[in-house]
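**Q** Residue numbers (our numbering): -13 to 319. Heads up, the beta-carbon is just placed ideally off N, CA and C, and yes, glycines get one too. All values reported here derive from a predicted model rather than from experimental measurement.
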C-alpha cells in the first residue's frame, strides 16, 4: 500500500447539508474538550516521535499517517473554539475553521488509518493519549454522518438487533447448534446464574470453538453460568464507531441483564474494544458504581489457575503472552 496507489474515499450518511455536517462535527468536538483533552491539546511539542510508533506510518512512510496529524481538524477546533485564547484567535483569523472537504478527507485518517492501538500514546514524551483523542474525534464524525459506510451498516444493525451478529431471539438456536457441533452444553436464558457469559460476533459464526472451549472450562470448575439473549454481544460497535448513544445502550444491556439474573460477574470474550467499553467505561454510562464485576476471559482464567480450581498440564516449553493493544496496552490487564 502507498499513497501513490491508494485513492482515499469517503462515505456519507443521512441528508444533512454540508454546513450542518460541519456544525455537528465541530459542536461535538467542542463538547469533548474537558480538562484532560484540553491539556493534551496544549501539550504537543511537535516532536514527531509518535510517527515511528504507528504501523500505518512505518509501512507507508507517508507523513499524513503521523498520529498527531490525524487529529488536525480536532486540534484546530480546540484552539479556535475552546482554548483560553479562542476569542482572540477567531478575531484575528489565526486558525481556520475546518471545512467539509477537510472532514471528508480526515475520515480515512480517523477510521481507516487508526486502530486506536495506543502505541503512539505509549511513546509520547508529553503523555498525550492520542488514541483516546482519536476516539473523541470519531464522536464528531459520527454526528456529522461522515463515517465509513461498512461501519455505519454495523451501527444500524446493532441498533436494530442489539448485536452485529444476530437478533437476540435467534441466540438460543445458534447456541444449540454450537453445542451440538462441539459436544458441549451451553446454557441460555437461565433465570439465575452467577456468571453472565458474553461473546464476540465471530464466536457465534466462524470461531465457535472459542465459545465451546469456554463452556468446557466453566463446566469443569462447576460454575453457575449462562448466556442470555437480552445481553450477549460484548463487541461494542458504538465504542469503535463514535456512536455514544449506541455505546450506552449496548453497555447497559450487559449490566442490566446481569442484574436481572442475579449474576455477580460479566465475563468478556477475546475482543479488545469490548474490554475498553465494558471494563473501563461502563460505570460512566450506568451512572453509578457497577453492581457487577466485569472481567476478561484471560483475567478469569488466571484467577482460576492461581486458586487451584483449574489445573493445567505443564508442557515443558517456554511461552509468551503477546500484549493485545486494547486489553493490555490500553486496558491495563
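Where does residue 106 fall in DSSP's three states?
**A** Note: residue 106 maps to helix in three-state DSSP.
**Q** Taking residue 206 as the reference, which of 241, 227, 192, 291 has the closest Cα?
**A** Per the Cα distances, 291.
**Q** Beta-carbon within less than 7 angstroms of residue 258's beta-carbon, same chain only, minus the 5 sequence neighbours each way: which residues are those?
**A** Correct list, in chain order: 310, 311, 312, 313.
**Q** Whole-angstrom Cβ separation of residue 105 and residue 39, contact assumed at under 8 angstroms?
**A** Between residue 39 and residue 105 the Cβ distance is about 4 angstroms, and since that is below 8 angstroms, they are a contact.
**Q** Kindly identify the DSSP beta-bridge partner or partners of residue 213.
**A** DSSP lists 174 as partners of residue 213.
**Q** Around the C-beta of residue 237, are 16 or more other C-beta atoms found within 10 angstroms, so that it is buried, or is it exposed?
**A** Burial call: buried.
**Q** Taking the straight line between their C-alpha atoms, what separation do you get for residue 76 and residue 59?
**A** Each residue's alpha carbon lies about 15 angstroms from the other.
**Q** Who are the Cβ neighbours of residue 216 in its own chain at under 7 angstroms, not counting the five residues just before and after it?
**A** Counting only Cβ-Cβ distances below 7 angstroms, and skipping sequence neighbours, we find 154, 239, 243.
**Q** Alpha carbon to alpha carbon, how far is residue 185 from residue 218? Give it in angstroms, no decimals.
**A** Near 6 angstroms, if we compare the C-alpha coordinates of residue 185 and residue 218.
**Q** With 16 as the cutoff for other CB atoms within 10 Å, does residue 128 come out buried or exposed?
**A** Buried: at least 16 other Cβ atoms inside 10 Å.
**Q** Where residue 170 and residue 92 are concerned, what is the direct C-alpha to C-alpha distance, given to the nearest angstrom?
**A** When rounded, the distance between both Cα atoms is 47 angstroms.
**Q** Alpha carbon to alpha carbon, how far is residue 174 from residue 152? Give it in angstroms, no decimals.
**A** Taking the straight line from one Cα to the other gives about 15 angstroms.
**Q** Could you tell me whether the stretch 224 to 232 touches the stretch 139 to 153, using the rule of 3 or more Cβ pairs below 8 angstroms?
**A** At 8 angstroms Cβ cutoff, the stretches touch.
**Q** According to the neighbour-count rule (16 or more other Cβ atoms, all chains shown, within 10 Å of its Cβ), is residue -11 buried or exposed?
**A** Unreliable placement is indicated for residue -11, whose pLDDT of 46 sits below 50; the coordinate value is still reported in the next sentence. Flag for residue -11 reads exposed.
**Q** Roughly how many angstroms separate the alpha carbons of residue 255 and residue 44, rounded to a whole number?
**A** About 30 angstroms.
**Q** Using the beta-carbon count (16 or more within 10 Å), is residue -13 buried or exposed?
**A** Interpretation of residue -13 is limited by its pLDDT of 45, a score under 50 that renders its predicted location unreliable; no figure is taken from the coordinates.
**Q** Please name the residue, chosen from 270, 189, 50, that lies closest to residue 34 on a Cα-to-Cα basis.
**A** It is 50.
**Q** With H, G and I counted as helix, E and B as strand and the rest as coil, what does DSSP make of residue 115?
**A** Three-state DSSP puts residue 115 in coil, outside helix and strand.
**Q** Alpha carbons only, please: which of 46, 63, 176 is nearest the one belonging to residue 99?
**A** The shortest C-alpha separation from residue 99 is found at 46.
**Q** Which word fits residue 90, buried or exposed, when buried means at least 16 other C-beta atoms lie within 10 angstroms of its C-beta?
**A** Classification of residue 90: buried, given that the 10 Å Cβ count is 16 or more.
**Q** When the Cα atoms are used, what is the spatial distance from residue 200 to residue 64?
**A** Answer to the nearest angstrom: the Cα atoms are 46 angstroms apart.
**Q** Cβ atoms of residue 315 and residue 103: under 8 angstroms apart, would you say?
**A** Contact flag set, yes.
**Q** State buried or exposed for residue 307, treating a residue as buried only when at least 16 other CB atoms are found within 10 Å of its CB.
**A** Exposed.
**Q** Any idea if residue 321 is buried or exposed, counting beta-carbon neighbours within 10 angstroms, 16 or more meaning buried?
**A** Shown here, the chain extends from -13 to 319; a query on residue 321 therefore has no answer.
**Q** Would you say the stretch 121 to 139 touches the stretch 270 to 279, given that touching needs at least three Cβ pairs under 8 angstroms?
**A** Touching, no, given that fewer than three Cβ pairs across the two stretches are closer than 8 angstroms.
**Q** Go to residue 282, then tell me how far its beta strand (DSSP E) extends in each direction, as first and last residue.
**A** Element bounds for residue 282: 279 to 282.
**Q** Looking at C-alpha atoms only, which residue of 179, 16, 198 is the closest neighbour of residue 188?
**A** The residue with the shortest Cα to Cα distance from residue 188 is 198.
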